[in-house]
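Residue numbers (the working numbering), protein chains in the order written: chain A, 2 to 316; chain B, 2 to 316.
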């Protein structure tokens, strides 16, 4: 038996995949989730203690009790809805920043030495350095989501600089794979279930994105740690596709030939980054490799969604 | 008569100097201040409406009422205590970020088109690019103060990117001049008032800092605006001094020859940046020039503190 760890958002897409792998590796795990977008059915293993708690409004003392005895907190609980930030302009701040401050306070109280944080490649804003390295130019933020993540990173960095915690910050591209329930593959499948002969695509389809398989993501979260108190790692596949590529792969996998209807413009929504492609050589130097291509990741996601149609009704 | 503007933190050091210049230029001004560190005696002019309100916990609707009719909000209210962040670890978040979110919400409600924001050169963390330009490398934060400022910047940027406000972000070096009441000149004078023959200096005295006169700062705040929706400007003097230089100038101005006692180390406190020196060529290209040297600014600060001893008892 290895040690004990906490996974916030452990009932979610990435979180529950992480929990499964942690258990397989012999860790005991406490999951903290408010089940706003996570599912209890993902947490049916032994050695998982499940706490239903909203970290956003949790008292640090209560959270500290959940954290006692953990050697690390994987803080994945977050609002991941990048597109709809302006409908609830305070949501990203509360769920992505305040929640992180609460986690940091509880780590301090419970003497948890390590925090692993899921940030986003969106923090690079509209950088022109592509593929984008971790120490790209000081970016300008274009969405509330990315603003809240860069804010959370900043507070984690300050805590690490003060020696209060060891922080590993991962800036992800979008993640695909089993239990995926949010993003363009989901949206496209949702549409094609209702009308298999046409597909509405936000933007002009040329937006380039780099996706990563959740297994590759989980492997990085578990294996990469700072030499000192702080490290930032980009995570992504060394490559990219266009939204149209992905639409083609999805349609082919489903045996469909829909007509594409593009809404036009070079980005899908306000604050959408037209091209996120990260330089992952730092993580590679530290020993991490992706095993799945973007196409394989898209296809595996399609297969999982076909086998798990319940999720279209559960959202 | 020019238009109407709001100055948050308008009873503070920089804020009240800004208010005086705005009034001189013909603006009518609403000051919003909680008077936690500001002084009513600075606001004795006509054409100033003073609202005592804590922006941190203000309801956006109440704040919006204060903002109605303003063409711009100069958002200077902040916790400026960089050194003592860890005594109250949530203070920077609340006073520097939540307050800014409240200002942004109120601007939206009251249709205020422009926000002018006082950020800090500390957001560059321990950059090796010196003098540091606005688009330096993506920094790692070293203090809660800088983390909260970079977080506020990020949300301002997202609001500007969405076309909800025009934002001018100023990253300051430390500011000196009349009404200065916080920082190393204040600390040194405080010590020398009690014991004129010795001066305790945090660090080894070699920390290099770039200071700016408040009149130069105010001139930039009032004159520099974005071409589009967003601009970030560094503000500082094109030069720097060491903490020891400053101690020498202060002592000489006071006619004293104290013995220096250095606490040692290359920085004054946890999270202190040993060297902040900003590349201000962007602001210079936009037409801004400093008129006071660092030495002149230090000496003028000393003179003001000598003439305003009340402030040592008022803090």
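No residue lacks a Cβ here, since even glycine has one placed at the ideal position from N, Cα and C.
None of these values were measured; they are calculated from a predicted model.
| request: With 8 Å as the threshold, decide whether the Cβ of residue 94(B) is near any Cβ in chain A. | output: Chain A, which has a Cβ nearer than 8 Å to the Cβ of residue 94(B), makes this yes.
| request: Give the DSSP-derived three-state secondary structure of residue 76(A) in the structure shown. | output: strand
| Unbroken beta strand (DSSP E) run spanning residue 37(B), endpoints | It is not in any beta strand (DSSP E) - residue 37(B) carries neither H nor E in the DSSP assignment.
| Between the beta-carbon of residue 11(B) and the beta-carbon of residue 20(B), is there less than 8 Å? | yes
| Any residues in the segment 136 to 151 of chain B with a beta carbon nearer than 9 Å to a beta carbon of chain A? Which ones, in chain order? | 136, 137, 138, 139, 140, 141, 142, 143, 144, 145, 146, 147, 148, 149, 150, 151
| request: Note down, in chain order, every chain A residue with its Cβ under 7 Å from the Cβ of residue 241(B). | output: Those do not exist, as residue 241(B) stays about 21 Å from chain A at its closest Cβ, beyond 7 Å.
| task | Could you pull the start and end residues of the alpha helix (DSSP H) that residue 43(A) belongs to? | result | That residue, residue 43(A), is in no alpha helix (DSSP H); it is neither H nor E in DSSP.
| request: Answer with yes or no whether the minimum CB distance from residue 258(A) to chain B is below 8 Å. | output: Not a single CB atom of chain B sits nearer than 8 Å to the CB of residue 258(A).
| said: Just verifying my parser: in three-state terms, what is the DSSP assignment at residue 278(B)? | reply: coil
| residue 282(A) versus residue 135(A) - alpha carbon distance | 10 Å
| request: Give a yes or no on whether the minimum CB-CB distance between residue 167(B) and chain A is below 8 Å. | output: no
| Per DSSP, what kind of secondary structure is residue 200(A) in: helix, strand or coil? | strand
| Residues near residue 162(B) in its chain [Cβ-Cβ closer than 8 Å; skip 5 each side] | Cβ within range, chain order: 230, 231.
| Does the distance from the C-beta atom of residue 18(A) to that of residue 174(A) stay below 8 Å? | no
| task | Give a yes or no on whether the minimum CB-CB distance between residue 221(A) and chain D is below 8 Å. | result | Although the question refers to chain D, the structure presented lacks it and instead comprises the protein chains A and B.
| field | Same chain, Cβ closer than 6 Å to residue 111(A), neighbours up to 5 away in sequence not counted | value | 65, 68, 69
| For residue 243(A), which three-state DSSP category applies? | strand
| message | Can you tell me whether residue 302(A) is helix, strand or coil according to DSSP? | response | helix
| query | How would you list, in chain order, the residues of chain A whose beta-carbon sits under 7 Å from the beta-carbon of residue 203(B)? | reply | None at all; the shortest Cβ gap to chain A is about 16 Å.
| Could one say the Cβ of residue 81(B) lies closer than 8 Å to chain A's Cβ atoms, at least one of them? | no
| Do residue 114(B) and residue 166(B) come within 8 Å of each other at the CB atom, strictly closer than that value? | yes
| request: May I have the straight-line CA-CA distance separating residue 256(B) from residue 249(B), to the nearest angstrom? | output: 10 Å
| said: Between residue 158(B) and chain A, is any beta-carbon pair separated by less than 8 Å? | reply: yes
| field | Cα-Cα separation between residue 288(B) and residue 239(B), rounded to whole angstroms | value | 14 Å
| query | At a Cβ threshold of 8 Å, is residue 102(A) touching chain B? | reply | yes
| What in chain B is Cβ-close to residue 155(A), meaning under 7 Å? | 142, 148, 151, 152
| Test: residue 225(B) CB closer than 8 Å to a CB of chain A | no
| query | How about the segment 131 to 145 of chain B and the segment 174 to 188 of chain B: do they share at least three Cβ pairs that are nearer than 8 Å? | reply | no
| said: Let me confirm a value: residue 4(A) is counted as buried when at least 16 other C-beta atoms fall within 10 Å, else exposed. Which label applies? | reply: Flag for residue 4(A) reads exposed.
| field | Three-way DSSP call (helix, strand, coil) for residue 139(A) in this model | value | coil
| Helix, strand or coil at residue 55(A) according to DSSP, with G and I counted as helix | coil
| task | Pair every Cβ in the segment 258 to 266 of chain B with every Cβ in the segment 194 to 210 of chain B, then say whether three or more of these pairs are closer than 8 Å. | result | yes
| said: Just to make sure I have the definition right: I need the residues of chain B whose C-beta is within less than 9 Å of the C-beta of residue 91(A). Which are they? | reply: 102, 106
| task | Determine the direct distance from the alpha carbon of residue 253(A) to that of residue 150(B), and round the result to whole angstroms. | result | 48 Å
| said: Within a Cβ cutoff of 6 Å, which residues of the same chain sit near residue 179(B), ignoring the five residues on either side of it in sequence? | reply: 305
| What first and last residue would you give for the alpha helix (DSSP H) that runs through residue 101(B)? | 100 to 111
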